[in-house]
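In mature numbering (1 follows the signal peptide of the UniProt record, and there is no 0), the protein residues as written are -18 to -1, 1 to 210.
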Amino acid sequence: MNYKLNILALMAISTGLAQVNFTNPDEGAIVSFQTTAVDSKILKAEGSPYFDDHFKYGQILVNGKIKTTGNLRYNAANSELELQKGQKEYSAVLKRNYISAKIDDKLYKLFPYTDDSNSETTRIGYFIPLNQGESKLLYKPEKKLRRGRTGATNYDRTVPPRFIDISSYYIQIGEEPAEKIYLRKKYFYDILGRERIKNLIKEKDLRLNKEEDAIKVMQYINEVTSAK
């Protein structure tokens, strides 16, 4: 079984090589290409590039205002928003910082961030902001395709390619690129300042490994900042 061919096929899908096909001229401002969905099981990959394979009713926003509505889903492996077009086809939403989408009341929006491997390089990706304000906790839903392995002998185990969850959290201050963190006190102390939040954490008995408690810290920081 040639897993390299499977991986190349998946990569070809993600590049959107289909011809641009706008059935509605108004959609030309928000979608980039139309293609046909392919079942990852056919390509012998385990798992899914989606956290939810099903399209759900949502809204595409331009500059924060509703541009169009329809059935949407988020491709966490390709970092793309997909707008359903019929039973088997979909359009990819253009990646522009003024275009965002709401699916299940979750806002998917592009933010600048620094990459783990090169903190000097700023990238752009989709995040779900977990709070409003100058200081934001961002959740980055993400999957990657782990390469498969063909057993060299009959005794070696063959491992198919597999989609794995590599989702993570970031903090953005103002318009600066977001920085990756883990839900631990150390990271909040380093970015927000230990003296600013240590009393709050103690008084409220917050556990920063819990998303809801981490959000409370961010809300507190914004309240303090806006009160000055």
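Don't be surprised by glycine CBs; every beta carbon is placed ideally from N, CA and C. Small disclaimer: the values here were computed from a predicted structure and weren't measured.
- Sub-7 Å separation of P159 and T103 beta-carbons: In the sequence shown, the residue the question calls residue 159 occupies position 177. In the sequence shown, the residue the question calls residue 103 occupies position 121. The answer is no: Cβ separation not under 7 Å.
- For L(-2), count neighbouring Cβ atoms within 10 angstroms of its own Cβ and tell me buried if that reaches 16, exposed if not. In the sequence shown, counting from the first residue as 1, residue -2 sits at position 17. Any reading at L(-2) is ruled out, since the residue's pLDDT is 31, under 50, leaving its predicted position unreliable.
- Who pairs with E62 in a beta bridge, going by DSSP? Taking the first residue of the sequence shown as 1, we reach residue 62 at position 80. Paired residues: N57.
- Determine the burial state of E205: buried for a count of at least 16 other Cβ atoms within 10 Å of its Cβ, exposed for fewer. Position 223 of the sequence shown, counting from 1, holds the residue named residue 205. The residue in question, E205, is exposed, as its Cβ has fewer than 16 Cβ neighbours within 10 Å.
- Kindly provide the ranges of any beta strand (DSSP E) runs that are 3 or more residues long and lie completely inside the segment 15 to 53, ordered along the chain. Fully enclosed beta strand (DSSP E) runs of 3 or longer: 38 to 44.
- Message: With H, G and I counted as helix, E and B as strand and the rest as coil, what does DSSP make of Q154?
- Response: Residue numbering aside, residue 154 sits at position 172 when the sequence shown is read from its first letter. Q154 falls in the strand class under three-state DSSP.
- Distance, G40 Cα to T17 Cα: Here residue 17 refers to the residue found at position 35 when the sequence shown is read from its first residue. Here residue 40 refers to the residue found at position 58 when the sequence shown is read from its first residue. Whole-angstrom Cα-Cα distance: 20 Å.
- Item | Cβ neighbours of Y202 in the same chain (closer than 6 Å, five flanking residues each side left out) | For this step, residue 202 is matched to residue 220 along the sequence shown. Correct list, in chain order: L182.
- M200 versus E157: straight-line alpha-carbon distance, rounded: Counting from one through the sequence shown, the residue named residue 200 turns up at place 218. Counting from one through the sequence shown, the residue named residue 157 turns up at place 175. Cα to Cα, the separation comes out at about 16 Å.
- Query: Is L188 near F170, with beta carbons less than 7 Å apart?
  - Reply: Within the sequence shown, the letter at position 206 stands for residue 188. Within the sequence shown, the letter at position 188 stands for residue 170. No, they are not a contact pair.
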